[in-house]
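Asks: Structure below; questions to follow.
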Amino acid sequence: MGMQPADKPRDYELFQATYAFFNETLFSGELPPCFIKLRRTRGSKSYFAPHRSDSGATRRWDELGLYLTPLPPTEILMTLVHQQLHCWQYHCGDNVPSRHFHNAEWVRKAKIIGLQPTATGQPGGKETGHQVTQYLIPGGRFDRAQEVILRKTGFQVEQLWMFSQSSKSPDHQASKAVWRFQCPGCRQCVWSESTGGFICQNCVRGLRAARDSQRVGDVIPFTCPRGCRLMRAPSTAQVLCGQCHAVMAAL
């Protein structure tokens, strides 16, 4: 039987966990939680956008968009870290540039974490500017960190690779992937593309999947501090991650 496209909820969880791992290993935990979107739109680019919000939402959060193309896993991971560098500079840098520009401060930080900026994709290319990519510095911090990711995720990396080659758009898959989970005790609800794994903090009971996924009221994104789960819920939600039992935190 041929290999099938990856399950989208698991891909999102993989990227959230990878973001959290690189945050700790490359950025000393300085980056705030970030809502990751995966897209496959021809001609589009990956991006970092601070302080995004859904229509009618009362809170804002950072958003990191990854437009995946058929690339080796290391290239996809470098794209993620490239955008995390923009996140770092926005929140921690001293010289935040205009949108999409890669200045000297961004370049210095990239080199510190083990990426060499280049406008051509090859050694010797211009390091600053609007159109800048990167290649890994052999033996550098990113090189060592991505080896850990590739070793620990195992089959999930294959799923990530299959997702990047899938002919189905993530938006089409998302329409079938959102589930409503409800506590059988206090009846609080959350919505997620994950297939489960939430615990009510009030009742200490597992949330159960419901048939309908219709959202009611103002919901905002939440993430597990360790990157295990991602969900949307009212700002008053009190839910634990079913994997690590950490409190799900609003972005």
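Read in order, the letters of the sequence shown correspond to residues 557 to 807 in our numbering.
Backbone N, C-alpha and C define an ideal beta-carbon position, used for all residues, glycine too.
This structure is a prediction, so every number in the text was calculated from the model and none was measured.
Taking Glu-631 and Lys-593 to be in contact with their CB atoms under 8 Å, please state how far apart those CB atoms are, rounded to whole angstroms.
Replies: Their Cβ separation, rounded to whole angstroms, is 19 Å, which puts Glu-631 and Lys-593 out of contact at 8 Å.
Asks: Please classify Asp-618: does DSSP put it in a helix, a strand, or coil?
Replies: strand
Asks: For Ala-666, which of Thr-635, Ser-654, Arg-655 has the nearest alpha-carbon?
Replies: Thr-635
Asks: Measuring from the CB of Ile-705, is there a heavy atom of the ligand HEM at a distance below 7 Å?
Replies: Questions concerning the ligand HEM fall outside what the structure shown contains, since it holds no ligand whatsoever.
Asks: By the DSSP assignment, the beta strand (DSSP E) with Arg-736 in it spans what residues?
Replies: 735-738
Asks: Where Glu-703 and Val-637 are concerned, what is the direct C-alpha to C-alpha distance, given to the nearest angstrom?
Replies: 14 Å
Asks: Quick one: what's got a C-beta closer than 6 Å to Leu-633's C-beta in the same chain, skipping five residues either side?
Replies: Gln-702
Asks: Is Lys-788 buried or exposed, if buried means 16 or more other CB atoms sit within 10 Å of its CB?
Replies: The question names Lys, yet the displayed sequence has Arg at residue 788. The residue in question, Arg-788, is buried, as its Cβ has 16 or more Cβ neighbours within 10 Å.
Asks: Work out the CA separation of Phe-778 and Met-804 for me, nearest whole Å.
Replies: 6 Å
Asks: Give me whichever residues DSSP pairs with Phe-571 in a beta bridge.
Replies: Paired residue(s): none; Phe-571 is not in a bridge.
Asks: From Leu-796 to Leu-641, what distance separates their C-alpha atoms?
Replies: 29 Å
Asks: Looking at the secondary structure, which residues open and close the beta strand (DSSP E) in which Leu-633 lies?
Replies: Premise fails: Leu-633 lies in the alpha helix (DSSP H), 629-648, not in any beta strand (DSSP E).
Asks: With the cut-off set at 8 Å, would you say Ile-669 and Leu-587 are in Cβ contact?
Replies: no
Asks: Under the three-state reduction of DSSP, which class applies to Leu-706: helix, strand or coil?
Replies: helix
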